[in-house]
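Under full-length UniProt numbering, the first residue of the sequence shown is numbered 1, with each subsequent residue one higher. Glycine included, each C-beta is placed from N, C-alpha and C at the ideal position. Just so we're clear, the structure is a prediction, and the values are computed from it rather than from any experiment. Comments concern the structure below.
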Amino acid sequence: MSEQQACPCSTTLLRAGIFIRRNGGPPLEECSSVLKVIMKKIKILFFFKILHDPRFIPGWSELFHGGPKVSISTATLFIGVLFFIVPRNAEFYRACATGDFKNAEMKPLLEWEFVQRRFPWGVILLLGGGYALSKGAKAAGLNELIGQSLKSLSHLSPSLIQLSCMTIIGFVTEVTSNTATASIVVPILLELSKGLNIHPLYLTLPATVTCSYAFMLPVATPPNAIVYSAGNMKVTDMIKTGLFMNIACIVVLYVCTNLYGNLFFHFSDYNYIP
């Protein structure tokens with residue numbers, strides 16, 4: 001699980017907090033012991049994420065140096081497993097304290113049936129599918145094949161190629177996630193840049209930013225879906241507003257990249273890497 005895949009959990013917590021505030025929920029000091037345990041585990045999760053590799057001091061990931069690969073998502077999975085193990089009912093602790101293990105019925109903080117019903121599996125499958133598709137295209141040589149076939153665009157100016165790529169990506173990202181779009185498009189543009197002898201950042205930098213220009217459809221990104229469902233909006237309303245935003249953002253990004261992008265990234269020098 002990556003940071004993008006952990007986004008549904010953060011979104012769920014945010015929506016739950018909004019629901020409690022709107023419906024006059026109790027303050028934290030009056031919450032049940034179950035909620036307090038959950039909040040403590042979330043604090044531990046943030047602690048693990050911050051100290052994974054803080055740069056200024058050795059992080060806890062250094063303990064596994066030379067051993068198994070430990071990423072920042074390991075902490076998320078570890079806390080997630082604890083939710084299925086730690087009991088939530090106080091009767092279990094009382095029974096264990098008195099030695100009455102026969103009547104110690106354990107009810108975990110989180111049950112698998114609840115996860116099956118409420119967890120946004122579609123987002124996980126969408127992001128994971130995008131990564132798998134990108135890896136498969138790279139392993140099969142599809143990126144190189146498409147990059148070689150796009151060499152026929154060599155008669156066009158680099159700026160026109162850049163604008164064409166940005167426009168196509170701006171509409172493709174409306175039906176796929178920005179992460180999946182970037183993971184598929186960027187390797188292809190790298191091969192195209194190599195074939196046309198163009199600085200790789202000249203095409204990949206604006207293309208990567210354009211992958212986030214998903215303003216028109218609810219399925220484009222989770223925030224769009226939240227706004228669409230919470231505001232009782234029509235798809236046509238989002239398309240009208242989002243189309244203008246897409247065009248405006250692409251034009252601004254295109255102008256900025258070609259006006260002063262060369263000052264920061266030296267697009268004219270093929271071998272320059274910032």
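DSSP lists P87 as the bridge partner or partners of P108.
F267 counts as buried, since no fewer than 16 other beta carbons sit within 10 angstroms of its beta carbon.
Of all C-beta pairs linking the segment 169–183 to the segment 202–221, three or more are shorter than 8 Å, placing the two stretches in contact. Annotation for L196: S154 place their beta carbon closer than 6 Å to its own, counting only its chain and skipping 5 residues before and after.
Assigned with DSSP and collapsed to three states, R117 falls in helix. As the crow flies, the alpha-carbon of F92 is around 6 Å from that of E105.
Under the three-pair Cβ rule at 8 Å, the segment 240–248 does not count as touching the segment 139–146. Counting along the chain, T167 sits inside the alpha helix (DSSP H) bounded by residues P158 to V172. By the criterion of a C-beta distance shorter than 6 Å, I161 is surrounded in its chain by L153, once the five residues flanking it on both sides are discounted. Taking the C-beta atoms as reference points, L109 is found nearer than 8 Å to V34.
Cβ contact annotation for P200 (same chain, cutoff 6 Å, sequence separation greater than five): L190 and S193, in chain order. A direct Cα-Cα distance of roughly 32 Å separates F215 from A140. Taking each of M39, F171 and P187 in turn and checking the Cα distance to Y131, the smallest one comes out for P187. In this structure C165 touches L203 by the C-beta definition: roughly 6 Å separates them, less than 8 Å. A distance below 8 Å separates the beta carbons of I44 and I79.
As the crow flies, the alpha-carbon of T98 is around 18 Å from that of K107. Between L82 and K41, the C-beta spacing is below 8 Å. T241: member of the alpha helix (DSSP H) spanning V235 to F265, first to last residue.
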